Amino acid sequence: MTAGKQEFLDGFRLVLPILVAPISFSFITGATSVQKGLSAFEATLMSASVFAGGGQLLALEVWYEPQAWLLVMLAAISINVRFALQAASVQRKINHFTPLQRWLTIATLTDPAWGMSEVRHLSRQVTFWFISGITVPIYLIWVLGTLAGALLGKLIDDPTRLGLDFGFIGIFIALALPFWKRTGALPVAVASGAVAIAAKLAGFAALYVFIGAMAGVAMAGLMAHRKAKRAQMP
Amino acid sequence: MTMDPYNLTLILLVTLATFTMRAVGAVVMARVELGPISSAAFEAMPVAVLTAVIAPAVLTQGLPEAIAGGIAVLVGLKAPTAVVIVVAMASVAAMRHLLG
Numbered sequence: 010m011t012a013g014k015q016e017f018l019d020g021f022r023l024v025l026p027i028l029v030a031p032i033s034f035s036f037i038t039g040a041t042s043v044q045k046g047l048s049a050f051e052a053t054l055m056s057a058s059v060f061a062g063g064g065q066l067l068a069l070e071v072w073y074e075p076q077a078w079l080l081v082m083l084a085a086i087s088i089n090v091r092f093a094l095q096a097a098s099v100q101r102k103i104n105h106f107t108p109l110q111r112w113l114t115i116a117t118l119t120d121p122a123w124g125m126s127e128v129r130h131l132s133r134q135v136t137f138w139f140i141s142g143i144t145v146p147i148y149l150i151w152v153l154g155t156l157a158g159a160l161l162g163k164l165i166d167d168p169t170r171l172g173l174d175f176g177f178i179g180i181f182i183a184l185a186l187p188f189w190k191r192t193g194a195l196p197v198a199v200a201s202g203a204v205a206i207a208a209k210l211a212g213f214a215a216l217y218v219f220i221g222a223m224a225g226v227a228m229a230g231l232m233a234h235r236k237a238k239r240a241q242m243p
Numbered sequence: 378m379t380m381d382p383y384n385l386t387l388i389l390l391v392t393l394a395t396f397t398m399r400a401v402g403a404v405v406m407a408r409v410e411l412g413p414i415s416s417a418a419f420e421a422m423p424v425a426v427l428t429a430v431i432a433p434a435v436l437t438q439g440l441p442e443a444i445a446g447g448i449a450v451l452v453g454l455k456a457p458t459a460v461v462i463v464v465a466m467a468s469v470a471a472m473r474h475l476l477g
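Protein sequences, first through last, are from chains A and B. First residue of the first sequence: 10, per the numbering used here; consecutive thereafter. First residue of the second sequence: 378, per the numbering used here; consecutive thereafter.
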């Protein structure tokens with residue numbers, strides 16, 4: 010257990026400096042949830058069970074559209090599909106966990122838990138306690154911060170005047186910037202951004218994110234295809 | 378403590394969709410080798426989705442949102458996430474006040 014404790018502290022020390030992001034993100038998620046008509050309890054329940062802020066906020070955007078049951082799932086899938094890639098990579102590093110530990114890790118996977126495990130794996134074996142040291146504080150903050158945002162968000166009568174609705178965009182910009190800086194990202198971003206704007210203006214109120222994202226993914230596939238073809242040429 | 382069946386159903390569906398993404402990665406994709414084109418398409422997913430959220434929100438709502446989005450991107454090139462969030466909210470509030 011002492012070794013486990015040390016591992017937990019290692020993870021905790023790594024996650025500590027970035028906890029300000031889930032604090033603000035969860036508060037906005039709670040405030041947005043009640044603004045969209047969820048009760049404080051429902052907002053907190055949603056954070057505890059979904060545990061993925063981007064997907065939650067995107068789903069809330071389409072909460073009252075016709076066929077909302079389908080649109081909320083498309084929203085969650087389109088933003089959370091990155092977890093499939095991350096889980097695939099993490100799974101290969103946690104084969105020595107017990108099945109329960111493995112499923113707990115996968116079910117609560119977050120961007121920081123994935124990224125920090127990848128880095129840890131470069132120098133030593135990733136343990137369940139190490140990942141717990143990252144995930145437990147994020148989870149507690151996520152649930153409690155949502156509750157705080159849901160309760161306090163009600164007191165603000167016009168959240169747009171304070172720019173609270175734009176905090177969500179701030180988070181997405183911060184998440185996107187490292188990706189935008191990568192080589193080859195520009196055509197993908199331009200394709201998905203332009204098509205998403207066109208789809209929104211054309212009236213696809215709820216589906217424009219999905220349509221835009223598919224255009225970006227198609228662009229990436231096309232670029233890879235052309236690169237493969239060029240490589241084949243003598 | 379209010380619980381609405383409509384809200385609870387949608388919360389359950391979002392939970393299932395999100396869990397499925399995590400589980401599919403661990404169960405299926407950890408065993409499958411992707412070809413170069415499909416792996417490039419998959420790797421582009423985060424940037425494609427994030428841009429499809431950001432671009433319409435910043436560029437179709439009006440001048441305050443466009444300016445605030447631009448400021449947030451510039452600040453984000455150097456500053457950490459928490460600062461970008463605060464700057465985005467503060468600048469859109471200021472721009473709405475000045476221009477709206």
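We put the CB at the ideal spot given by N, CA and C, even for glycine. Source: prediction; values computed, not measured.
Helix, strand or coil at residue i [DSSP, three-state]
i                      : result
residue 563 of chain B : Limits of chain B in this structure are 378 at one end and 477 at the other, which puts residue 563 of chain B out of reach.
residue 156 of chain A : helix
residue 165 of chain A : coil
residue 51 of chain A  : helix
residue 120 of chain A : helix
residue 70 of chain A  : helix
residue 381 of chain B : coil
residue 413 of chain B : helix
residue 181 of chain A : helix
residue 103 of chain A : coil
residue 34 of chain A  : helix
residue 60 of chain A  : coil
Reference residue i, options the options, closest by Cα
i                      : options                    : result
residue 177 of chain A : B:438, B:434, B:477, B:439 : B:434
residue 386 of chain B : A:81, A:33, A:132          : A:81
residue 406 of chain B : A:126, A:237, A:115        : A:115
residue 32 of chain A  : B:381, B:458, B:420, B:404 : B:458
residue 39 of chain A  : A:217, A:99, A:163, A:129  : A:163
residue 89 of chain A  : B:475, B:473, B:420        : B:420
residue 42 of chain A  : A:202, A:109, A:159        : A:159
residue 224 of chain A : A:65, A:13, A:57, A:87     : A:87
residue 22 of chain A  : A:83, A:111, A:106, A:147  : A:147
residue 460 of chain B : A:34, A:140, A:142, A:117  : A:34
residue 403 of chain B : A:226, A:92, A:152, A:133  : A:92
residue 63 of chain A  : A:240, A:218, A:239, A:133 : A:218
residue 151 of chain A : A:49, A:11, A:216, A:60    : A:60
is_contact[residue i, chain A] using C-beta, thresh 8 Å
i                      : result
residue 444 of chain B : no
residue 382 of chain B : no
residue 454 of chain B : yes
residue 390 of chain B : yes
residue 402 of chain B : yes
residue 427 of chain B : yes
residue 387 of chain B : yes
residue 451 of chain B : no
residue 436 of chain B : yes
Minimum Cβ-Cβ distance from residue i to chain B less than 8 Å
i                      : result
residue 157 of chain A : no
residue 217 of chain A : yes
residue 145 of chain A : no
residue 67 of chain A  : yes
residue 72 of chain A  : yes
- How do the region 19-39 of chain A and the region 117-130 of chain A stand: do at least 3 beta-carbon pairs fall below 8 Å, yes or no? yes
- Query: Using 8 Å as the Cβ pair cut-off and three pairs as the minimum, do the region 205-218 of chain A and the region 421-429 of chain B touch?
  - Reply: yes
- Are the region 389-403 of chain B and the region 166-186 of chain A in contact at 8 Å, needing three or more beta carbon pairs? no
- Just by C-beta distance, which residues in the region 74-108 of chain A are closer than 7 Å to chain B? 77, 78, 81, 82, 85, 86, 87, 88, 89, 90, 91, 92, 93, 94, 95, 96, 97, 100, 101
- Query: For the region 178-206 of chain A, which residues have a CB atom closer than 7 Å to at least one CB atom of chain B, in sequence order?
  - Reply: 178, 179, 180, 181, 182, 183, 184, 185, 186, 188, 189, 194, 197, 198, 201, 202, 205, 206
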